[in-house]
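> Terminal number for the sequence shown in the UniProt record's numbering: 593, no gaps in between.
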Amino acid sequence: MFVSPSHDSGWGPPLPKQQEQPQMHALANGGNACTTMKTSYAGKVMVAERGNCSFLEKAKVAQEAGAVGLIIRNTREAVYTHDRNRTTPAGNLSTSMPSFATDCGQGEGYIAALDPAHPWLVHNGACSTNPRCASQICLPTGLRNATTSQFQVCCMWDTHLLMGANTTLAKDLNMPVVFATVVEGEFLAALLASSSSVVGTLSARPIPFLGLGSLVLWAIGVATAVGGAYYAAGAERRRCRAHKPHADAVPSVADEDEDDEDDVLHLSLGHAVGFIVVAGGFLTFLYFVHVGAMLSVLFGLSSLSTVTLLVTYPALKRACPCLRTWHLRLPGVGSFTVVEMLALGASAVLVVAWFCDRDGLWPLQDLFGVALCCVFLKTIRLPNLKIGALLLVLAFFYDIFFVFLTPYIFGKSVMVDVATGGPPASARDGYPGVDFCERYPTFAKCVDPDPLPMLLVFPRLGDWRRGRAMLGLGDIVLPGLLLAFVLRFDYTRRMHLKLAARTHRYYGVAAVGYAVGLFLANAAVVLMNMGQPALLYLVPCTLGAVAIAAHFGGDLPQMWHEGLYPAHPMAPIVSASPVDFEAGDEAPLLADD
């Protein structure tokens with residue numbers, strides 16, 4: 001049976017953990033627990049009905065009677081008398097709000113008369129046989145049919161409530177207090193009525209250390225950083241695989257490399273400093289000026305080109321090779337192949353679909369984010385480790401400042417506030433309350449702002465708290481720049497030193513460091529129960545590991561100052577005649593007739 005502890009409302013001790021194997025206690029009925037008990041409840045868990053006095057008064061009565069715990073069970077009468085006529089919160093006076101106690105959309109019926117003594121006791125098939133009515137209980141709404149004068153009854157809401165209390169008056173409470181729903185409470189009451197030896201225990205529901213969703217997102221993040229770096233080093237890889245990496249050896253490879261270099265930006269010291277300054281200024285701007293869906297529009301437009309480049313165009317080109325020769329000429333624009341137009345159209349459909357349902361189509365957001373990271377890593381490059389170290393160290397302190405230090409300046413974390421889209425619904429005027437919003441999550445005053453789209457997200461599978469695990473794209477691309485640099489360094493080192501073995505010495509170190517750092521960041525979120533700046537763990541695990549490995553490998557001076565090794569032509573790795581080597585892959589295969 002699941003109950004709601006008072007500790008969630010800020011008062012009363014927390015429930016013991018299941019792994020602590022809390023002791024079993026007898027359960028005893030305590031009525032409404034509003035007056036001093038004449039009998040002792042020493043060593044027992046009291047079960048009391050909601051109503052007639054406050055939750056805290058019931059808890060004090062139970063503790064004075066010697067009880068070791070208190071279960072306050074909701075009743076149909078309490079829902080009818082307290083919740084049915086709940087007043088509208090301040091700020092919502094002009095807003096049409098649905099009923100807190102009932103939902104006619106889940107079940108509605110009409111009856112000729114109500115029990116004058118117990119009007120909350122209603123038996124109607126509109127609720128008891130309706131699968132949409134979770135409680136299977138109908139309750140009068142107070143309205144009548146204008147034609148037949150029959151009483152309207154609708155499906156009763158039966159969810160856990162947060163039990164409010166004065167935390168100062170509750171500081172001496174040393175026993176756990178929990179709230180049970182109507183259905184759970186009626187089950188307990190029937191159990192106690194049928195047996196005098198009912199025992200049970202109160203314990204906290206277990207929380208997974210690292211849920212499946214967090215592990216999947218960790219794997220996606222690692223795969224994106226490692227795979228994006230591999231994609232970004234394509235030019236060096238092609239040169240390394242060629243028999244001679246200079247232009248005369250394999251012209252097609254040289255042509256591709258020249259095309260790649262045309263769209264590449266090599267970062268300078270000014271770029272590194274400017275990037276962090278601009279990022280900090282823009283983040284602060286977004287904290288004060290919430291631009292709503294504008295960032296989603298910009299993210300969608302950028303995704304249009306990256307998804308076309310990496311996903312839809314390659315897929316259509318492979319699926320329909322004949323269309324590659326068909327061209328369309330648009331006046332004033334130019335000539336395009338049919339494949340290019342179809343790929344752009346397919347990408348546009350995906351982007352528009354995601355924008356219309358950003359919450360439900362989160363896999364598309366992940367696809368867009370991965371594509372954006374890959375294109376970024378291919379376009380932006382580190383020329384040497386010195387500039388990479390400056391960029392990552394500045395980003396390291398940038399993350400710490402905007403997560404941990406800004407709460408002392410602005411009252412809350414700028415990074416967290418911007419990432420989540422601004423203040424939550426609970427911090428805004430006219431918020432109807434947690435209990436109301438649990439029942440009507442789509443009500444306008446209950447809807448939280450959309451988080452930034454520049455995130456990879458994945459549902460927290462196997463975690464009863466639900467929600468989603470999130471990973472910022474910046475936590476992928478900034479360490480990813482280092483991964484791409486060291487992989488390119490490995491390729492040029494192999495060519496320069498004429499190494500036959502296909503070793504990726506520093507790329508392997510950086511990839512393992514990234515995986516370890518991201519895992520530590522996820523573990524810290526669980527252990528500290530708060531969001532963590534991932535770069536706090538990623539920078540030492542990647543930059544530190546690469547620097548140490550390069551120092552002991554003797555490559556640190558070259559990596560730090562010059563960057564990549566000059567790619568001199570490689571001598572033949574295997575024994576072969578000069579004629580055979582010059583022919584390379586262009587030589588025809590010989591076969592016996």
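Each residue gets a CB set at the ideal place from its N, CA and C atoms; glycine is no exception.
From residue 280 to residue 398, what distance separates their C-alpha atoms?
7 angstroms
> So what does DSSP say about residue 200, is it helix, strand or coil?
In the three-state scheme derived from DSSP, where H, G and I count as helix and E and B as strand, residue 200 is classed as strand.
> So, residue 374 versus residue 228, is the Cβ gap smaller than 8 angstroms?
Contact: yes.
> Taking just the CA atoms, how far does residue 224 sit from residue 370?
Between residue 370 and residue 224, the C-alpha separation is close to 6 angstroms.
> Spatial neighbours of residue 33 within its chain, please: C-beta separation below 7 angstroms, excluding the five flanking residues on both sides.
46, 48, 58, 61 and 62
> Three-state secondary structure (DSSP) at residue 160?
coil
> Quick check on residue 357: does DSSP put it in helix, strand or coil?
coil
> Taking the straight line between their C-alpha atoms, what separation do you get for residue 596 and residue 393?
Since the first residue of the chain shown is 1 and the last is 593, residue 596 is not available in this structure.
> Can you name the start and end residues of the beta strand (DSSP E) that residue 34 belongs to?
Counting along the chain, residue 34 falls outside any beta strand (DSSP E), and DSSP gives it neither H nor E.
> Who are the near neighbours of residue 524 in its chain, counting only those whose CB is closer than 6 angstroms to its CB and skipping five residues on each side?
532
> Are the stretch 540–559 and the stretch 482–495 touching by the rule of at least three beta carbon pairs closer than 8 angstroms?
yes
> Let me know the secondary structure DSSP gives residue 5 once reduced to three states.
strand
> Where residue 469 and residue 530 are concerned, what is the direct C-alpha to C-alpha distance, given to the nearest angstrom?
The straight-line gap from Cα to Cα measures roughly 12 angstroms.
> Is the stretch 107–117 touching the stretch 146–155 in the sense that three or more CB pairs, one from each, lie closer than 8 angstroms?
yes
> In the DSSP assignment, find the alpha helix (DSSP H) that holds residue 517 and state where it starts and stops.
505–528
> Got a sec, what are the start and stop residues for the beta strand (DSSP E) residue 103 sits in?
102–111
> So residue 381 and residue 275 are supposed to be a Cβ contact under 8 angstroms. How far apart are they, rounded?
13 angstroms between Cβ atoms; not a contact.
> Residues in its own chain within less than 6 angstroms of residue 596 by CB, not counting five upstream and five downstream?
With the chain running from 1 to 593 in the structure shown, residue 596 is simply not present.
> Could you say which of 377, 383, 74 and 413 lies nearest to residue 270 if we only look at CA atoms?
383
> Excluding the five sequence neighbours on either side, which residues of its own chain have a C-beta within less than 7 angstroms of the C-beta of residue 350, listed in chain order?
307 and 364
> Using the rule of at least 16 other Cβ atoms within 10 Å of the residue's Cβ for burial, across every protein chain shown, is residue 91 buried or exposed?
Residue placement at residue 91 is poorly supported in this model, since its pLDDT is 43, which falls under 50; the coordinates are not used for a value here.
> Residue 44 and residue 28 look like a contact to me (Cβ under 8 angstroms); what is the Cβ gap, rounded to whole Å?
5 angstroms
> Could you pull out every unbroken beta strand (DSSP E) segment of at least 3 residues lying fully inside the stretch 121–198, listed in chain order?
138–144, 151–156 and 177–180
> Touch check for the stretch 3–22 and the stretch 167–180: three-plus C-beta pairs under 8 angstroms?
yes
> So the alpha helix (DSSP H) residue 372 belongs to, where does it begin and stop?
362–379
> Residue 74 to residue 162, Cα distance in whole Å?
12 angstroms
> Tell me the rounded alpha-carbon separation between residue 9 and residue 428.
Rounded to whole angstroms, residue 9 to residue 428 spans 19 angstroms at the Cα level.
> Whole-angstrom Cβ separation of residue 139 and residue 231, contact assumed at under 8 angstroms?
Residue 139 to residue 231, Cβ: 60 angstroms. No contact.
> Which residues mark the beginning and the end of the beta strand (DSSP E) in which residue 73 is found?
69–73
> Express the C-alpha separation of residue 164 and residue 7 in angstroms, rounding to a whole number.
Going by the C-alpha atoms only, they are around 10 angstroms apart.
> For the beta strand (DSSP E) containing residue 499, list its first residue and its last residue.
For residue 499, no beta strand (DSSP E) segment is defined, and its DSSP state is neither H nor E.
> How is residue 544 classed by DSSP in three states: helix, strand or coil?
Note: residue 544 maps to helix in three-state DSSP.
> Who are the Cβ neighbours of residue 403 in its own chain at under 6 angstroms, not counting the five residues just before and after it?
413, 415 and 533
> Distance check for residue 291 and residue 354, CA to CA, integer angstroms please.
Roughly 19 angstroms between the two C-alpha positions.
> If you count every other CB in all the chains shown that lies within 10 Å of the CB of residue 166, and 16 or more means buried, which is it?
exposed
> Indicate the three-state DSSP secondary structure (helix, strand or coil) for residue 291 in the structure shown.
coil
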